[in-house]
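Each residue of the sequence shown is one higher than the one before, starting from 6 at the first, in the numbering used here. The beta-carbon is built from N, C-alpha and C at its ideal position, and this holds for glycine as well. Take a look at the structure set out below.
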Amino acid sequence: MGSLARSVERVIAAEMPDRFGLIFDGWTHASEHYIAVYARCEVDCVAKTPPLCIAPLLNDEEEDLLARGHMAFLATML
């Protein structure tokens, strides 16, 4: 799985321009909270929105859904 992730990262990084926007999304399914971060850019006059990270937000019962939890997640993933 690690080599697949690195291959996908290389493909996305090669296509990304120097300037791009970020889209943050979150949702809940079956009491599990998820967060996703997407890049938003234009490549050859075509809008692209590749995913940068998608993962469960909470890893254990001690974590919460406050801003500090989101910030810690983003610092780890980005």
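| Check | Outcome |
| --- | --- |
| In the structure shown, what three-state DSSP assignment does Phe-29 receive? | strand |
| Taking the continuous alpha helix (DSSP H) assigned at Leu-9, which residues delimit it? | 7-20 |
| DSSP puts Arg-137 in a beta bridge; with which residues? | In the structure as shown, the chain begins at 6 and stops at 83. Residue 137 is therefore absent and cannot be evaluated. |
| Looking at the secondary structure, which residues open and close the beta strand (DSSP E) in which Pro-61 lies? | 56-61 |
| Does the beta-carbon of Ile-40 have 16 or more other beta-carbons within 10 angstroms, so that it is buried, or is it exposed? | buried |
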